[in-house]
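What follows is a short report on a single structure.
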Amino acid sequence: MASAGFTKMGAAGITLHPACRVRREGFGLLFYDIRGPRLLFAETGDLLPVDFFGTVRGRNELPEGVSDREQVVLGKFVTQLLHKGFLREQ
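The sequence shown begins at 1102 in our numbering and counts up by one.
In structure tokens:
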């Protein structure tokens, strides 16, 4: 079931990798991987809260109210985070 305030569009569960941290910056979100260390600067603005990936979510579960274009961009962003190891599937 989707969390309050979010639209669930997929079934695969994802969450932030335990070795990764995320924090809010002026441009959006900064992801930090302590295994590397590796950084990923994400110009997300205010689209995603800093704790968005702190719980298991559907792979395509996005905040409510995002436009179709933003859904496409955020979907690609989630895929990038998975490929780079910042997120993991449950």
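Note that the Cβ used here is the ideal one computed from N, Cα and C, for glycine as well.
Remember, predicted model here, so these are calculated numbers, not experimental data.
Check                                                                            : Outcome
Reduced DSSP category for G1155 - H, G, I as helix; E, B as strand; rest coil    : helix
Collapsed DSSP secondary structure at D1169 in the structure displayed           : helix
DSSP state of T1145 mapped onto helix, strand, coil                              : coil
Candidates L1188, R1139, C1121 and L1175: closest to G1146 by CA position        : L1175
6 Å Cβ shell around G1111 - same chain, five flanking residues per side excluded : Low confidence applies here, because G1111 scores a pLDDT of 46, under 50, leaving its location unreliable and the question unanswered by this model.
Whole-angstrom distance between L1131 and V1123, CA atom to CA atom              : 5 Å
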